[in-house]
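Chemist: In UniProt numbering, the protein residues as written are 1 to 236. For each residue, glycine too, the CB sits at the ideal point set by N, CA and C. Keep in mind it's a predicted model, so treat the numbers as computed, not measured.
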């Protein structure tokens with residue numbers, strides 16, 4: 001199936017993005033909007049990828065040799081916080097971009113393959129679709145391109161990698177940023193997919209339709225069912 005190529009928008013969770021993108025991304029108040037986390041939602045992170053990323057950040061830690069945090073502390077932070085705004089600030093006192101530059105190029109394609117089945121399922125959903133991730137633009141783009149689904153989305157909403165300690169999920173600011181950016185008037189029209197309990201629970205506070213993605217969850221089957229249900233509802 002051929003999908004029309006969309007003009008890709010990477011929107012950082014930052015107040016300046018509201019003025020820049022709000023009008024062009026305004027959602028139809030009567031239509032559903034789909035929001036997807038990336039890691040362990042659109043794909044399952046393998047133990048090999050997890051280990052390789054750990055080691056790449058360990059190299060950054062060794063280069064800095066910072067007295068701010070012990071090696072034990074390094075592992076504790078890395079296990080509990082994604083390598084985005086808050087985690088990088090806590091560990092290195094640097095922006096995500098500064099830390100990524102130190103880490104250098106990482107070959108995600110060695111660990112992630114194209115997913116043609118997911119691509120087709122996403123393309124069959126004719127409503128607005130966005131990624132809503134705590135990843136940086138660089139990491140989001142690399143993974144989505146490996147999966148072959150980058151152009152399936154109307155935008156990728158991600159961490160501002162030039163800010164110190166950008167607040168992503170599950171902070172209220174991130175969810176309210178989404179609501180304002182997309183001009184969401186009916187939260188019951190939002191379909192949210194994430195693997196994190198904290199992120200799901202926060203989304204429920206905004207009355208979004210939430211889907212917790214477990215290791216054995218088949219996202220494609222869920223999308224097919226939602227799509228069928230929406231089509232049936234639209235016929236009545």
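Could you tell me the distance, in whole angstroms, from the CA atom of residue 104 to the CA atom of residue 38?
Modeler: Here residue 104 refers to the residue found at position 104 of the chain shown. Here residue 38 refers to the residue found at position 38 of the chain shown. Between residue 104 and residue 38, the C-alpha separation is close to 21 Å.
Chemist: How is residue 11 classed by DSSP in three states: helix, strand or coil?
Modeler: Walking along the chain shown from the start, residue 11 turns up at place 11. The answer is strand: DSSP assigns residue 11 an E or B state.
Chemist: To the nearest angstrom, how far is the alpha carbon of residue 64 from that of residue 126?
Modeler: Within the chain shown, residue 64 is the residue found at index 64, counting from 1. Within the chain shown, residue 126 is the residue found at index 126, counting from 1. Going by the C-alpha atoms only, they are around 47 Å apart.
Chemist: Closest to residue 57 by CA distance: which of 44, 98 and 22 is it?
Modeler: As a position in the chain shown, residue 57 is number 57, starting the count at 1. Taking only the C-alpha atoms, the option nearest residue 57 is 98.
Chemist: Quick check on the DSSP output: the beta strand (DSSP E) that includes residue 185 runs from which residue to which?
Modeler: Here residue 185 refers to the residue found at position 185 when the chain shown is read from its first residue. Element bounds for residue 185: n/a, residue is neither H nor E.
Chemist: Would residue 244 and residue 15 qualify as a contact pair, given that the criterion is a beta-carbon distance under 8 Å?
Modeler: Lying before the first or after the last residue shown, residue 244 is absent from the chain, which here runs from 1 to 236.
Chemist: If you compare alpha carbons, which of 42, 138 and 179 is closest to residue 161?
Modeler: In the chain shown, counting from the first residue as 1, residue 161 sits at position 161. Ranking the options by Cα distance to residue 161, first place goes to 138.
Chemist: State the start and end residues of the unbroken alpha helix (DSSP H) segment that holds residue 61.
Modeler: Sequence index remark: in the chain shown, residue 61 carries index 61 (1-based). That run of the alpha helix (DSSP H) goes 47 to 64.
Chemist: Hey, how far is the Cα of residue 74 from the Cα of residue 102?
Modeler: Your numbering for residue 74 matches position 74 in the chain shown. Your numbering for residue 102 matches position 102 in the chain shown. About 16 Å.
Chemist: According to DSSP, is residue 175 helix, strand or coil?
Modeler: Counted from its first residue, the chain shown places residue 175 at position 175. In this structure, residue 175 counts as helix in the three-state DSSP scheme.
Chemist: Look at the alpha carbon of residue 178 and the alpha carbon of residue 171, and state the distance between them as a whole number of angstroms.
Modeler: Locating residue 178 in the chain shown gives position 178, counting from the first residue. Locating residue 171 in the chain shown gives position 171, counting from the first residue. Straight-line Cα distance between these residues: approximately 12 Å.
Chemist: How would you write the range of the alpha helix (DSSP H) that residue 135 sits in, first residue to last?
Modeler: As a first step, residue 135 is located in the chain shown; it is residue number 135 there, counting from the start. Counting along the chain, residue 135 falls outside any alpha helix (DSSP H), though it belongs to the beta strand (DSSP E) covering 128 to 136.
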